[in-house]
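See structure below.
There are 2 protein chains.
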Amino acid sequence: MKKIITISREFGGGGRTIGKRLAEELGVPCYDSEIIEKVAIESGFAEEYIKDKGEYTYPSLLMGLLMSRSLYTGPSNEDKIWLIQCKIIKELAEKGPCVIVGRCADYILRERDDVMKVFIHADIKARAKRIVEVYGETDEDPIKRLRDKDKRRAAYYTQYTDIVWGASRNYDVCLDSSVIGIDRCVSVLKEIALETE
Amino acid sequence: MKKIITISREFGGGGRTIGKRLAEELGVPCYDSEIIEKVAIESGFAEEYIKDKGEYTYPSLLMGLLMSRSLYTGPSNEDKIWLIQCKIIKELAEKGPCVIVGRCADYILRERDDVMKVFIHADIKARAKRIVEVYGETDEDPIKRLRDKDKRRAAYYTQYTDIVWGASRNYDVCLDSSVIGIDRCVSVLKEIALETE
Numbered sequence: 000m001k002k003i004i005t006i007s008r009e010f011g012g013g014g015r016t017i018g019k020r021l022a023e024e025l026g027v028p029c030y031d032s033e034i035i036e037k038v039a040i041e042s043g044f045a046e047e048y049i050k051d052k053g054e055y056t057y058p059s060l061l062m063g064l065l066m067s068r069s070l071y072t073g074p075s076n077e078d079k080i081w082l083i084q085c086k087i088i089k090e091l092a093e094k095g096p097c098v099i100v101g102r103c104a105d106y107i108l109r110e111r112d113d114v115m116k117v118f119i120h121a122d123i124k125a126r127a128k129r130i131v132e133v134y135g136e137t138d139e140d141p142i143k144r145l146r147d148k149d150k151r152r153a154a155y156y157t158q159y160t161d162i163v164w165g166a167s168r169n170y171d172v173c174l175d176s177s178v179i180g181i182d183r184c185v186s187v188l189k190e191i192a193l194e195t196e
Numbered sequence: 000m001k002k003i004i005t006i007s008r009e010f011g012g013g014g015r016t017i018g019k020r021l022a023e024e025l026g027v028p029c030y031d032s033e034i035i036e037k038v039a040i041e042s043g044f045a046e047e048y049i050k051d052k053g054e055y056t057y058p059s060l061l062m063g064l065l066m067s068r069s070l071y072t073g074p075s076n077e078d079k080i081w082l083i084q085c086k087i088i089k090e091l092a093e094k095g096p097c098v099i100v101g102r103c104a105d106y107i108l109r110e111r112d113d114v115m116k117v118f119i120h121a122d123i124k125a126r127a128k129r130i131v132e133v134y135g136e137t138d139e140d141p142i143k144r145l146r147d148k149d150k151r152r153a154a155y156y157t158q159y160t161d162i163v164w165g166a167s168r169n170y171d172v173c174l175d176s177s178v179i180g181i182d183r184c185v186s187v188l189k190e191i192a193l194e195t196e
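Right under this line is the structure:
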């Protein structure tokens, strides 16, 4: 069995739900908001701030320069959060079998050979419906918001990892949750996790 | 059940084997070399020529200009093959449930809603081992050959479709056959195909 399962996901694609349910099925902990809490304690930053800065950045060079202070005052807040996040995720993985949702855990744990790397994506219309219905997002234009989130998350990966976010070759399994359904995603991932050495 | 399953694949990743075995399990035909034969009959080109020109092109603009005659003598051979390939794949899909390996069938059948789009990839070292062992490839540097094939196949997708080859969002399921194993890929895909509406 692959001991650690990382779930990278598009916002609104149900990756978090899949991760939680998969962890329940496998009887292992699921680390999601717990990581943010730990980073908050260790860094002193607010959880909401970490939630954003630990997974999103701005894609353009100009925005990058404007947002980052690393060029003239040492590491930026994002850099500090990144380093603490790396440390915490490695510590959690050391504890034993688990599911880790988001936070670039696939990249952070790349040197371990007991990690199953999953990517959950979904049709943008299904995601828009989901963020309004399930998450209670009240944005007038959820599709615009999703596109912005996708861009910023991809940019974060570009900045902190050598992974192209969402490129299938970086993952063992990629599933479209809007086609396959949340339940089937969970059962398929469980089967693969249990049967893969 | 999704009636038609398209399998896009990296060269040497076992996608063809997975497609054949999946079709056997589902009791439906698997179209692979049959497409090439049909394109050969309809176009007059040799099968070996179609095998290459119906899925590969050169990535650079210069090579594109050198290889393509479309700028000054009408459609190139590649363009002719593309059009015939599109027609044949659409006709095969009309016949009933099937598995179609390669030839951009995912893109060609994009307007149907009964297609399950699969991408099979694998670690490059595993692919190199496979092309030497299973396909009997005798290249001295199989990794170099694979990289060249990957580039040329990606370029073909860029030229003829609006799909980024290997980007997970274009597929319902992407699997790394070198991690999951051929057998498990077949069983997982069978489960998803049978259970997905």
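Chains as they are written, first to last, in numbering that gives the first Met the number 0: chain A, 0 to 196; chain B, 0 to 196.
The beta carbon of each residue, even a glycine, is placed where N, CA and C say it ideally should be.
All of these numbers come straight from a predicted model, not from anything done at the bench.
Notebook entry, point to check: Between the segment 18-34 of chain A and chain B, which residues of the former have a C-beta closer than 9 Å to a C-beta of the latter?
Noted result: Flagged: no residues at all.
Checklist line | Burial state of B/Leu193 (16 or more Cβ within 10 Å) | finding: Position 194 of the second sequence, counting from 1, holds the residue named residue 193 of chain B. Answer is exposed; the Cβ neighbour count stays below 16.
Next item on the list: Report the residue from A/Ala121, A/Ile142 and A/Lys150 whose alpha carbon sits nearest the alpha carbon of B/Val172.
Entry: Taking the first residue of the second sequence as position 1, residue 172 of chain B is located at position 173. In terms of CA proximity to B/Val172, A/Ala121 leads the group A/Ala121, A/Ile142 and A/Lys150.
Check: When the Cα of B/Val100 is compared with those of B/Ser167, B/Thr137, B/Tyr170 and B/Val117, which residue comes out closest?
Finding: Against the second sequence, residue 100 of chain B aligns to sequence position 101. Out of B/Ser167, B/Thr137, B/Tyr170 and B/Val117, B/Val117 has the C-alpha closest to the C-alpha of B/Val100.
Next item on the list: Count the other CB atoms, across all protein chains shown, that sit within 10 Å of the CB of A/Arg146; report buried if there are 16 or more and exposed otherwise.
Entry: Looking up residue 146 of chain A in the first sequence gives position 147. That one is exposed.
Margin query: In the DSSP output, what is B/Ser7 paired with across the bridge?
Written below: To locate residue 7 of chain B, count along the second sequence from 1; it is residue 8. Per the DSSP secondary-structure output, B/Ser7 pairs in a beta bridge with B/Phe118.
Margin query: I need the straight-line Cα distance from A/Arg68 to A/Gln158, nearest angstrom please.
Written below: As a working mapping, residue 68 of chain A is identified with position 69 in the first sequence. As a working mapping, residue 158 of chain A is identified with position 159 in the first sequence. The predicted position of A/Arg68 is uncertain, since its pLDDT is 49 and thus under 50; a value taken from the coordinates is nonetheless stated next. Going by the C-alpha atoms only, they are around 14 Å apart.
Margin query: Quick check: the segment 176-194 of chain A against the segment 77-91 of chain B, are at least 3 beta-carbon pairs closer than 8 Å?
Written below: Taking 8 Å as the limit for Cβ pairs, the verdict is that the segment 176-194 of chain A does not touch the segment 77-91 of chain B.
Item checked: Close beta carbons around A/Lys37, own chain, < 7 Å, minus the five adjacent residues each side -> Stepping through the first sequence from its first residue, residue 37 of chain A is reached at position 38. Taken in chain order, the residues that qualify are Ile87.
Notebook entry, point to check: For A/Asp96, which residues from the same chain have a beta carbon less than 8 Å from its beta carbon, with the 5 sequence-adjacent residues on both sides left out?
Noted result: As a first step, residue 96 of chain A is located in the first sequence; it is residue number 97 there, counting from the start. Checking the sequence, you will find Pro at residue 96 of chain A rather than Asp. Excluding positions up to five away in sequence, the list reads Met0, Lys2, Ile3, Leu25 and Val27.
Next item on the list: For B/Phe10, I'd like the list of residues in its chain whose CB is within less than 8 Å of its CB, leaving aside the five on either flank, ordered along the chain.
Entry: Here residue 10 of chain B refers to the residue found at position 11 of the second sequence. The answer, listed in chain order, is Arg126, Ile130, Leu145, Lys148, Asp149 and Arg152.
Next item on the list: Inspect the beta-carbon positions of A/Gly13 and A/Ile119 and report whether they are closer than 8 Å.
Entry: In the first sequence, counting from the first residue as 1, residue 13 of chain A sits at position 14. In the first sequence, counting from the first residue as 1, residue 119 of chain A sits at position 120. Yes, Cβ-Cβ distance for A/Gly13 and A/Ile119 is below 8 Å.
Next item on the list: Quick one: using the 10 Å Cβ neighbour count with 16 as the cut-off for buried, is A/Ala45 buried or exposed?
Entry: As a position in the first sequence, residue 45 of chain A is number 46, starting the count at 1. Around the Cβ of A/Ala45, a 10 Å sphere holds fewer than 16 other Cβ atoms; the residue is exposed.
Checklist line | Residues bridged to A/Ile99 [DSSP beta-bridge criterion] | finding: On the first sequence, position 100 is the one that residue 99 of chain A refers to. A/Ile99 is bridged to A/Thr5 and A/Tyr30.
Notebook entry, point to check: Applying a beta-carbon distance threshold of less than 9 Å, which residues of chain B neighbour A/Ala166?
Noted result: The count along the first sequence starts at 1 and reaches residue 166 of chain A at position 167. Near A/Ala166 (Cβ distances below 9 Å), the residues of chain B are Val163, Gly165, Ala166 and Ser167.
Checklist line | B/Asp147: contacting residues in chain A (beta-carbon distance under 7 Å) | finding: Locating residue 147 of chain B in the second sequence gives position 148, counting from the first residue. Listed by position along chain A, the residues whose Cβ is nearer than 7 Å to that of B/Asp147 form an empty set, because the closest Cβ is around 16 Å away.
Item checked: Sequence-distant residues of the same chain with beta carbon closer than 6 Å to B/Ser7, five excluded per side -> By 1-based counting over the second sequence, the position of residue 7 of chain B is 8. Excluding positions up to five away in sequence, the list reads Asp105 and Phe118.
Notebook entry, point to check: So, is the C-beta of B/Cys173 closer than 8 Å to a C-beta in chain A?
Noted result: In the second sequence, the residue the question calls residue 173 of chain B occupies position 174. It does; some Cβ of chain A falls within 8 Å.
Check: Where A/Ser42 and B/Tyr155 are concerned, what is the direct C-alpha to C-alpha distance, given to the nearest angstrom?
Finding: Working through the first sequence from its first residue, we reach residue 42 of chain A at position 43. Working through the second sequence from its first residue, we reach residue 155 of chain B at position 156. If I take the Cα positions, the gap works out to 48 Å.
Check: Can you tell which of A/Val98, A/Ile40, A/Val163 and A/Leu21 has the C-alpha that lies nearest to the C-alpha of A/Glu190?
Finding: Taking the first sequence and counting its residues from 1, one reaches residue 190 of chain A at position 191. Of the listed residues, the one whose Cα sits closest to A/Glu190 is A/Leu21.
Check: Does the separation of the CB atoms of B/Leu174 and B/Val187 fall below 8 Å?
Finding: The count along the second sequence starts at 1 and reaches residue 174 of chain B at position 175. The count along the second sequence starts at 1 and reaches residue 187 of chain B at position 188. Going by C-beta atoms, B/Leu174 is nearer than 8 Å to B/Val187.
Notebook entry, point to check: If we cut at 8 Å on Cβ distances, does B/Thr160 have a partner in chain A?
Noted result: Position 161 of the second sequence, counted from the start, is the residue given in the question as residue 160 of chain B. Not a single CB atom of chain A sits nearer than 8 Å to the CB of B/Thr160.
Notebook entry, point to check: Is the Cβ-Cβ distance between A/Cys29 and A/Val133 less than 8 Å?
Noted result: Walking along the first sequence from the start, residue 29 of chain A turns up at place 30. Walking along the first sequence from the start, residue 133 of chain A turns up at place 134. Their beta carbons are not under 8 Å apart, which means A/Cys29 does not touch A/Val133 by this criterion.
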